[in-house]
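The structure appears right after this line, and notes come after that.
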Amino acid sequence: MTIKRKPADIIVPGVLAQSGYHTPCELGLIKLDAMENPYPLPEALWADLAQSMRQVDINRYPSQSAEALKETVRETLDIDDDTAFMLGNGSDELIQIIALATARTGSKWLSVGPTFSMYRVIASTLGIDYIEVDLNDDFSLNLEAMLAAIEKENPSVIFLAYPNNPTGNLLTTVELDAILAIATGLVVIDEAYHAFAQETMMHRIKDNDNLLVMRTLSKLGLAGARFGYLCGHSDWIDQLEKVRLPYNVNSMTQCLIDTVLPRIDLFEDQASDMVKDRDQLFDEMKAIDALTVYPSDANFLLFRVDDALTLYQHLIDHGILIRMLHGSHPLLDNCLRVSVGLPEENARFLDALRAGLLQ
Ligand SMILES: *Cc1c(COP(=O)(O)O)cnc(C)c1O
Numbered sequence: 108m109t110i111k112r113k114p115a116d117i118i119v120p121g122v123l124a125q126s127g128y129h130t131p132c133e134l135g136l137i138k139l140d141a142m143e144n145p146y147p148l149p150e151a152l153w154a155d156l157a158q159s160m161r162q163v164d165i166n167r168y169p170s171q172s173a174e175a176l177k178e179t180v181r182e183t184l185d186i187d188d189d190t191a192f193m194l195g196n197g198s199d200e201l202i203q204i205i206a207l208a209t210a211r212t213g214s215k216w217l218s219v220g221p222t223f224s225m226y227r228v229i230a231s232t233l234g235i236d237y238i239e240v241d242l243n244d245d246f247s248l249n250l251e252a253m254l255a256a257i258e259k260e261n262p263s264v265i266f267l268a269y270p271n272n273p274t275g276n277l278l279t280t281v282e283l284d285a286i287l288a289i290a291t292g293l294v295v296i297d298e299a300y301h302a303f304a305q306e307t308m309m310h311r312i313k314d315n316d317n318l319l320v321m322r323t324l325s326k327l328g329l330a331g332a333r334f335g336y337l338c339g340h341s342d343w344i345d346q347l348e349k350v351r352l353p354y355n356v357n358s359m360t361q362c363l364i365d366t367v368l369p370r371i372d373l374f375e376d377q378a379s380d381m382v383k384d385r386d387q388l389f390d391e392m393k394a395i396d397a398l399t400v401y402p403s404d405a406n407f408l409l410f411r412v413d414d415a416l417t418l419y420q421h422l423i424d425h426g427i428l429i430r431m432l433h434g435s436h437p438l439l440d441n442c443l444r445v446s447v448g449l450p451e452e453n454a455r456f457l458d459a460l461r462a463g464l465l466q
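Quick note: the sequence shown uses my numbering, first residue 108, plus one each step.
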């Protein structure tokens, strides 16, 4: 009789060791867990969109090179003429493309901890050794430890979320310069929250051959479209393009993005409203004695309480879903993360938060 092999005999160890990425059931809850823009697509765009969507040849494969869309992207999204770039099905896919292309034996990735969890998940899947340098207690960078780790490990890729998720803060330009100066491999600056922070490394690409800048439209109001882009020197982008699946950005997304990008200002207006709302939410939370809230340059706030699990459940019982971080990293003991929602959602969150902390 043939003995069939089990998953443990076939699946790569990096996958077996993972617990999988789960999002809690959000039905009926106010969703403040995923840094989405809470505003629907601006009304002014619906007519244009209905028109252009009618032209999509859904029976055909999408444009493989997406030339037309890329031209619109370059014109509207602040990419220098001599910078190359590629498109991804969200920036998550771009991280995966970088991983597929760099997963040599002995290849190492380095980042800070805590940071965006997908760097580790994707690296581990491909057997890439993933190293994190712990941030300080206030979530600032331990520059000395970072530089020492870069020298010791000589990573092929360094990932830096700018601002960082889930801490919300930005590295300083002095820190970034020091990292760029010492790194021999790729440095990927993940600017998922650029719309809220405004700071960018985009224009530093021309004098840093090994710098890549990654952005996404997810946090700006188009999370459902799955669209990200990666900018850098053509020597790198040409190689990464070989790994990209031919039709990774589907026809409807190509059409949608091409139609709405000329009115990117409408999304940016929403983002600046959210920045004001974030600052107000920060002030309100800062006035609550029973918690510590950390300053943020993104569209979310990280905060610490005495008992995060109880508060998390209390908020769910009151119809509000935020992100539980306790247990995900030693520096995030009893921490939670809340995304900026609509003003009325933020108010409901604050009410439930105050009530939950009084118990
Ligand atoms: C949300 C997020 C992403 C993922 O963006 P998608 O384009 O939706 O895949 C990437 N990096 C960071 C730091 C994020 O917080």
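The C-beta atom is built at its ideal place from N, Cα and C for all residues, glycine as well. Model, not experiment: these values are computed from the prediction.
Exercise for review: Could you give the DSSP three-state label for MET321: helix, strand or coil?
Suggested key: Taking the first residue of the sequence shown as 1, we reach residue 321 at position 214. The answer is strand: DSSP assigns MET321 an E or B state.
**Study point:** Own chain residues within Cβ distance below 7 Å of ILE165, not counting five before or after
**Key:** Sequence index remark: in the sequence shown, residue 165 carries index 58 (1-based). Scanning its chain for C-beta atoms nearer than 7 Å, with the 5 sequence neighbours on each side dropped, one finds around ILE165 the residues SER358, in chain order.
Check your understanding: Near LEU277, what residues of its chain come up, given a Cβ to Cβ distance below 7 Å and the 5 sequence neighbours on each side ignored?
Key -> By one-based count along the sequence shown, residue 277 stands at place 170. Non-local C-beta neighbours of LEU277 in its own chain, meaning closer than 7 Å and more than five positions away in sequence, comprise TYR269, PRO270, ALA304, GLU306 and ASP404, ordered along the chain.
Check your understanding: Can at least three beta-carbon pairs, one atom from the region 234-241 and one from the region 122-135, be found at a separation below 8 Å?
Key -> Result no; under three Cβ-Cβ pairs closer than 8 Å.
Exercise for review: Below 8 Å on the Cβ atoms is my guess for ILE296 versus MET321; work out the distance and round it to an integer in Å.
Suggested key: Taking the sequence shown and counting its residues from 1, one reaches residue 296 at position 189. Taking the sequence shown and counting its residues from 1, one reaches residue 321 at position 214. Approximately 7 Å separates the beta-carbon atoms of ILE296 and MET321; this is inside 8 Å, confirming the contact.
Point to revise | Range of the contiguous alpha helix (DSSP H) that encloses ILE344 | key: Here the question's residue 344 lines up with position 237 in the sequence shown. Segment 341-350, the alpha helix (DSSP H) holding ILE344.
Review point. On the premise that ASP384 lies in contact with ASN453, defined as a C-beta separation below 8 Å, what is that separation, rounded to the nearest angstrom?
Key: Within the sequence shown, the letter at position 346 stands for residue 453. Within the sequence shown, the letter at position 277 stands for residue 384. Indeed they touch by this definition, with Cβ atoms about 6 Å apart.
Check your understanding: So, using beta-carbon positions, are LEU207 and LEU233 closer together than 8 Å?
Key -> Sequence index remark: in the sequence shown, residue 207 carries index 100 (1-based). Sequence index remark: in the sequence shown, residue 233 carries index 126 (1-based). In contact: LEU207 and LEU233 (Cβ atoms closer than 8 Å).
Exercise for review: Check whether the Cβ of ASN144 sits closer than 7 Å to any heavy atom of ligand 1, and report yes or no.
Suggested key: Within the sequence shown, residue 144 is the residue found at index 37, counting from 1. No - ligand 1 has no heavy atom lying nearer than 7 Å to the Cβ of ASN144.
Check your understanding: What did DSSP end up calling GLY213 once you bin it into helix, strand or coil?
Key -> Sequence index remark: in the sequence shown, residue 213 carries index 106 (1-based). In this structure, GLY213 counts as coil in the three-state DSSP scheme.
Practice item. Check whether the Cβ atoms of LEU201 and GLY335 lie closer than 8 Å to each other. Key: If you number the sequence shown from 1, residue 201 lands on position 94. If you number the sequence shown from 1, residue 335 lands on position 228. Less than 8 Å separates the beta-carbon of LEU201 from that of GLY335.
Point to revise | For PRO169, the nearest candidate out of LEU248, PRO353, GLY195 and LEU373 (CA to CA) | key: Residue numbering aside, residue 169 sits at position 62 when the sequence shown is read from its first letter. That would be PRO353, whose Cα lies nearest to the Cα of PRO169.
Review point. In its own chain, which residues sit with a C-beta less than 6 Å from the C-beta of PRO145, not counting the 5 before and 5 after it?
Key: Counting from 1 along the sequence shown, the entry for residue 145 is found at position 38. GLY448 and LEU449, listed in sequence order.
Review point. What three-state label does DSSP hand ILE429 in the structure shown?
Key: Within the sequence shown, residue 429 is the residue found at index 322, counting from 1. ILE429: coil per DSSP, three-state reduction.
Exercise for review: Mark GLN203 as exposed unless 16 or more other C-beta atoms lie within 10 angstroms of its C-beta, in which case mark it buried.
Suggested key: Within the sequence shown, numbered from 1, the residue matching residue 203 stands at position 96. It is buried - the Cβ of GLN203 has at least 16 other Cβ atoms within 10 Å.
Review point. Is it the case that the Cβ atoms of VAL400 and MET392 are separated by a distance below 8 Å?
Key: In the sequence shown, counting from the first residue as 1, residue 400 sits at position 293. In the sequence shown, counting from the first residue as 1, residue 392 sits at position 285. Cβ distance < 8 Å, so VAL400 and MET392 count as in contact.
Check your understanding: With DSSP run on the structure shown, which of helix, strand or coil describes CYS362?
Key -> Taking the first residue of the sequence shown as 1, we reach residue 362 at position 255. Helix, per DSSP.
Check your understanding: Taking the Cβ atom as the reference point for each residue, do LEU416 and GLY463 lie within a distance shorter than 8 Å?
Key -> Indexing the sequence shown from 1 puts residue 416 at position 309. Indexing the sequence shown from 1 puts residue 463 at position 356. Result no, Cβ atoms of LEU416 and GLY463 do not sit closer than 8 Å.
**Study point:** ligand 1 heavy atom lying under 7 Å from the CB of ASN243
**Key:** Walking along the sequence shown from the start, residue 243 turns up at place 136. Exclusion of ASN243 from the 7 Å shell around ligand 1 follows from its C-beta lying no nearer than that to any non-hydrogen atom of the ligand.
Exercise for review: Kindly provide the ranges of any beta strand (DSSP E) runs that are 3 or more residues long and lie completely inside the region 176-230, ordered along the chain.
Suggested key: Taken in chain order, the unbroken stretches of beta strand (DSSP E) that lie wholly in the region 176-230 and span 3 residues or more are 191-195 and 215-220.
Review point. If we call anything under 8 Å between Cβ atoms a contact, is LEU398 one with PHE410?
Key: Numbered from 1 along the sequence shown, position 291 holds the residue referred to as residue 398. Numbered from 1 along the sequence shown, position 303 holds the residue referred to as residue 410. For LEU398 and PHE410, yes; Cβs fall inside 8 Å.
**Study point:** Proximal residues to ALA332 (C-beta, below 6 Å), its chain only, five neighbours per side dropped
**Key:** Position 225 of the sequence shown, counting from 1, holds the residue named residue 332. Excluding residues within five positions, the ones whose Cβ falls inside 6 Å are THR360 and LEU363.
Review point. What distance in whole Å lies between the Cβ atoms of SER159 and THR366, which are believed to be in contact at a cut-off of 8 Å?
Key: Here residue 366 refers to the residue found at position 259 of the sequence shown. Here residue 159 refers to the residue found at position 52 of the sequence shown. Contact between THR366 and SER159 holds: their C-beta atoms lie close to 5 Å from each other, under 8 Å.
Exercise for review: Report, in whole angstroms, the separation of the C-beta atoms of ALA285 and LEU250, which I expect to be a contact under 8 Å.
Suggested key: Along the sequence shown, read from residue 1 onward, the residue named residue 285 stands at position 178. Along the sequence shown, read from residue 1 onward, the residue named residue 250 stands at position 143. Confirmed, Cβ separation roughly 6 Å.
Check your understanding: How many Å lie between ALA70 and ASN261 at the Cα?
Key -> Because the chain is modelled from 108 through 466, residue 70 falls outside the range shown and cannot be assessed.
Practice item. Grab me the residues of MET225's own chain with a C-beta within less than 7 Å of its C-beta, minus the 5 sequence neighbours each way, in chain order. Key: Stepping through the sequence shown from its first residue, residue 225 is reached at position 118. Hits under 7 Å: ASP199 and ILE202.
Practice item. Return the CA-CA distance between ASN441 and LYS215, expressed in angstroms with no decimal places. Key: Stepping through the sequence shown from its first residue, residue 441 is reached at position 334. Stepping through the sequence shown from its first residue, residue 215 is reached at position 108. Straight through space, the alpha carbons of LYS215 and ASN441 are spaced by roughly 30 Å.
Point to revise | Secondary structure of VAL367, DSSP reduced to three states | key: Counted from its first residue, the sequence shown places residue 367 at position 260. If DSSP states are grouped into helix, strand and coil, VAL367 belongs with the helices.
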